[in-house]
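*Asks:* Next up is a structure, given as structure tokens.
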Amino acid sequence: MVIGLISKGGKGCLLNLTKVLEAESKNIKVQFKGRVSDNVAIDMFDMCTIISNLLNNAIEACEKIQEDKRIIEFEIAGYNSQIFISVSNSYDMESIINQKQKFITTKEDKLNHGIGLENVRRTIKKYDGDMRISQENERFIVLITLRLSTILAQF
């Protein structure tokens, strides 16, 4: 098992060790690549909001398909004053309701679900960021760019 660590000043968002363990307990292969320096100019709560919601969605999507096809790939990188995050997961193409890049929850309790991507969008907006979502070859892909005022150390 590969675990990435996103940390800042000794406090960290262990790249959701619990989420990785949850995924693996559901026979989902998880691959991580990249690292964020301790000196990035992003609030750790915001980073965890983005990562947690994306991983939750990826795990839920993988649960709906046969076990031998379940995979989540997470990548993060920094360059100059930007952070790039990519999450790609296998999914059941029939289970996604897409209305103009606004994805609708398929859960019965719609009042208490379906806010994850909206939380991600709101957080990205704080950093003058961008999120692109695509679906190709049975993969659901989220690409995020965060524009930060400063990244003090390169990765």
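Per my numbering, numbering through the sequence shown is continuous, rising by one, with the last residue being 1297.
Don't be surprised by glycine CBs; every beta carbon is placed ideally from N, CA and C.
Would you grab the beta carbon distance between residue 1235 and residue 1202 for me? Rounded to a whole angstrom, and I think it's under 8 angstroms.
*Replies:* Between residue 1202 and residue 1235 the Cβ distance is about 15 angstroms, and since that is not below 8 angstroms, they are no contact.
*Asks:* Looking only at its own chain, which residues have a Cβ that is under 6 angstroms from the Cβ of residue 1298, when we skip the five neighbours before and after it?
*Replies:* Past the boundaries of the shown model lies residue 1298; the chain is included only from 1143 to 1297, so the question cannot be answered.
*Asks:* From residue 1198 to residue 1186, what distance separates their C-alpha atoms?
*Replies:* Those two C-alpha atoms are separated by around 18 angstroms.
*Asks:* Could you check the C-alpha separation between residue 1170 and residue 1210 for me, to the nearest Å?
*Replies:* Rounded to the nearest angstrom, the two C-alpha atoms are 8 angstroms apart.
*Asks:* Secondary structure at residue 1242, three-state DSSP: helix, strand or coil?
*Replies:* In this prediction, residue 1242 has a pLDDT of 49, which is less than 50 and means its spatial position is unreliable; nothing more can be read from the coordinates.
*Asks:* First and last residue of the alpha helix (DSSP H) that includes residue 1280?
*Replies:* Careful: residue 1280 lies outside any alpha helix (DSSP H) and carries neither H nor E.
*Asks:* Looking at C-alpha atoms only, which residue of 1214, 1191 and 1259 is the closest neighbour of residue 1163?
*Replies:* Comparing Cα positions, the closest option is 1214.
*Asks:* Is residue 1161 helix, strand or coil by DSSP?
*Replies:* Looking at residue 1161 - three-state DSSP - the assignment turns out to be helix.
*Asks:* Could you give the DSSP three-state label for residue 1185: helix, strand or coil?
*Replies:* DSSP places residue 1185 in coil when its eight states are reduced to three.
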